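Scroll down for the structure; my scribbles are underneath it.
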Amino acid sequence: LLVLTYRLFAEHEDVRKEYAGCFQYVLVDEYQDTNHVQQLIVTLLTKEHRRICVVGDDAQSIYGFRGADIDNILDFQQQFPETRLFKLEQNYRSTQNIVKAANSLISHNQRQIKKDVFSENDAGEKLMLKPVYSDKEEALVVCNDIKRIMNDEQGAYSDFAILYRTNSQSRSFEEELR
Numbered sequence: 025l026l027v028l029t030y031r032l033f034a035e036h037e038d039v040r041k042e043y044a045g046c047f048q049y050v051l052v053d054e055y056q057d058t059n060h061v062q063q064l065i066v067t068l069l070t071k072e073h074r075r076i077c078v079v080g081d082d083a084q085s086i087y088g089f090r091g092a093d094i095d096n097i098l099d100f101q102q103q104f105p106e107t108r109l110f111k112l113e114q115n116y117r118s119t120q121n122i123v124k125a126a127n128s129l130i131s132h133n134q135r136q137i138k139k140d141v142f143s144e145n146d147a148g149e150k151l152m153l154k155p156v157y158s159d160k161e162e163a164l165v166v167c168n169d170i171k172r173i174m175n176d177e178q179g180a181y182s183d184f185a186i187l188y189r190t191n192s193q194s195r196s197f198e199e200e201l202r
């Protein structure tokens, strides 16, 4: 659908102009997760007026496996030099320890939009790092920690939640908890 839309706009200037005329302004949220074709469509729709606002965070691009192109947001100001960049650097959700750890990891990115992210929340609990080398080892470590805490503190399974990004990640945890 995206490719056909792009081809329609690219090959039929009259159609592109008609649709571009429908939108005085274009806003794209989560721009870090757009793919190349989406970026081309946005460029075609804003060709005349160039009134575009994109919102995104280059440090939160997670859909590369689905074709998201981080270069869209990293190169945005080169493509649209008349735009202004507003950095939202205060993190309202996370503790200072989490923000500090995230900043440390993000600082290793070769290409990034430099930010000084901070939190005014409490420092929070000290973070614990446990390197693992497979999904099975990850499940074993997490489930052993849950079992240890349950034994030490007389807890129940209902006191815990295991968060994961995709459903397929749950299998190792399910098997380990049996």
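Okay, so the sequence shown: first residue is 25 according to the working numbering, each after it adds one. Just so you know, even glycine gets a beta-carbon here, dropped at the ideal spot from N, CA and C. It should be emphasised that the depicted structure is a prediction, and the values quoted were computed from it without experimental measurement.
| Query | Result |
| --- | --- |
| Straight-line gap, Q136 to N175 (C-alpha atoms, nearest Å) | 44 Å |
| Opening and closing residue of the alpha helix (DSSP H) in which I65 lies | 60 to 69 |
| Three or more C-beta pairs below 8 Å linking the segment 126 to 142 and the segment 62 to 75 | no |
| Bounding residues of the alpha helix (DSSP H) (the contiguous stretch that carries V123) | 120 to 130 |
| Delimiting residues of the alpha helix (DSSP H) encompassing I76 | Not the alpha helix (DSSP H): I76 falls in the beta strand (DSSP E), residues 76 to 78. |
| Outcome for V123 when other beta-carbon atoms lying within 10 angstroms are tallied against a minimum of 16 | buried |
| Buried or exposed (CB count within 10 angstroms, at least 16 for buried), G91 | exposed |
| Beta-bridge partners of L51, as assigned by DSSP | C77 |
| Which residues DSSP lists as bridging A92, in chain order | N59 |
| Per-residue DSSP class, three states only, for Q103 | helix |
| For F142, three-class secondary structure by DSSP | strand |
| Secondary structure of Q136, DSSP reduced to three states | coil |
| Option in D82, A163, I65 with minimal Cα separation from V39 | I65 |
| One or two residues paired with Q114 in a DSSP bridge | F142 |
| Alpha-carbon to alpha-carbon, P105 and D82 | 18 Å |
| The segment 156 to 174 contacting the segment 188 to 201, beta-carbon criterion three pairs below 8 Å | yes |
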